[in-house]
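Chemist: Mapping to our numbering: the sequence shown position 150 is 199, numbers consecutive. Just so you know, even glycine gets a beta-carbon here, dropped at the ideal spot from N, CA and C.
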Amino acid sequence: ASGSEDGTVRLWNGATGQMQTTPRNHPGSVRVLAWSPGEHRLASASNDRVPLWDGTNGQLLTTLTGHTGDVRAVAWSSDGQRLATVSNDRTVRLWDGATGQLRATLIGHTGSVQTVAWSPTGQRLASGSEDRTVWVWDGVTGQPQATLRGHTEMVNTVAWSSDGLRLATASWDQTVR
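#1: Just list the beta strand (DSSP E) runs in the stretch 58-111, keeping only unbroken ones of 3 residues or longer that don't cross its boundaries, in chain order.
#2: Whole-angstrom Cβ separation of Val165 and Val135, contact assumed at under 8 Å?
#3: Using a Cβ-Cβ cut-off of 6 Å (strictly less than) and excluding sequence neighbours within five positions of Ser161, which residues of its own chain qualify?
#4: Give me whichever residues DSSP pairs with Arg173 in a beta bridge.
#5: Give me the residue from Ser211, Thr112, Thr105 with the minimum Cα distance to Ala94.
#6: Between Pro76 and Arg90, how many whole angstroms is the CB-CB distance? I'm expecting something under 8 Å.
#7: Quick one: give me the first and last residue of the beta strand (DSSP E) that Leu132 is part of.
#8: Return the Cβ separation of Arg173 and Val204 in integer angstroms, given the expectation that the two are a contact with Cβ distance under 8 Å.
#9: Which same chain residues end up closer than 6 Å to Trp84 when comparing Cβ atoms and leaving out the 5 residues on each side of it in sequence?
#10: Which one of Asn62, Pro72, Val79, Ala64 has the shortest CA to CA distance from Glu54?
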C-alpha cells in the first residue's frame with residue numbers, strides 16, 4: 050500500500066509491482082498507513098480522520114472520526130481487534146477494529162502525541178509525546194499504568210520488545226532509552 054500527498058491510497062501487487070486497485074480518494078494528504086494483522090484491513094490517516102479500507106479490494110469500509118487535531122500515528126493490536134490512534138489533540142483513542150466504534154479516549158499527555166505501539170500481547174499500549182513523556186496504558190481498560198520521564202525533547206518513537214517486557218523510546222534529544 051502507498052499513500053500520497055495528492056490524497057490517494059493505492060494497493061499494489063508486491064510481486065509484480067502492478068497497481069491492484071484504482072487510486073482511492075482520501076480526505077487530505079496521506080500521512081500514515083498501517084495494515085491489520087492478516088492484512089484484511091488498512092488504516093490510513095490524514096488531518097483528523099482515519100479511513101479503514103478493505104485490504105483486498107481497496108473499498109472504503111468506514112472512517113474513524115473524533116480527533117480534533119491531525120492524526121500522527123496508528124497501530125493495530127496483534128489480534129486485529131483494536132486500533133489505537135494518536136493526534137495533535139493530545140489524546141490516544143482506542144477503536145474497535147471490526148466496527149470502527151470508539152471504545153475509549155485516553156487523556157494524560159499535555160502535548161501532541163506522536164507515536165503509539167501495542168505490546169505483543171495487546172495487554173499494554175505505549176504512547177510518546179512532544180511533552181517529553183511516554184505513557185503506558187492498560188490495553189484493555191485504557192487506564193494509565195505508568196508515566197515515563199527523562200527525555201529532554203519530544204518522544205517520536207516507542208517500540209516493545211518481542212517478549213513485551215521492555216520498551217524502547219527515542220527522542221529528538223538524540224537518546225534512546
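Modeler: Looking at the atomic coordinates:
#1: 81-84, 90-94, 98-103
#2: Indexing the sequence shown from 1 puts residue 165 at position 116. Indexing the sequence shown from 1 puts residue 135 at position 86. Sure, about 5 Å apart at Cβ, within 8 Å.
#3: Within the sequence shown, the letter at position 112 stands for residue 161. Counting only Cβ-Cβ distances below 6 Å, and skipping sequence neighbours, we find Asn137, Glu179.
#4: Counted from its first residue, the sequence shown places residue 173 at position 124. DSSP lists Asp187 as partners of Arg173.
#5: On the sequence shown, residue 94 is found 45 positions in, with the first residue counted as 1. The shortest Cα separation from Ala94 among Ser211, Thr112, Thr105 belongs to Thr112.
#6: Start at 1 with the first residue of the sequence shown, and residue 76 comes out as number 27. Start at 1 with the first residue of the sequence shown, and residue 90 comes out as number 41. About 18 Å; that fails the 8 Å criterion.
#7: Within the sequence shown, numbered from 1, the residue matching residue 132 stands at position 83. First-last of the beta strand (DSSP E) with Leu132: 131-136.
#8: On the sequence shown, position 124 is the one that residue 173 refers to. On the sequence shown, position 155 is the one that residue 204 refers to. Not really, about 16 Å apart at Cβ, beyond 8 Å.
#9: The residue given as residue 84 occupies position 35 in the sequence shown. Only Leu91 meet the Cβ criterion.
#10: Locating residue 54 in the sequence shown gives position 5, where the first residue counts as 1. The shortest C-alpha separation from Glu54 is found at Val79.
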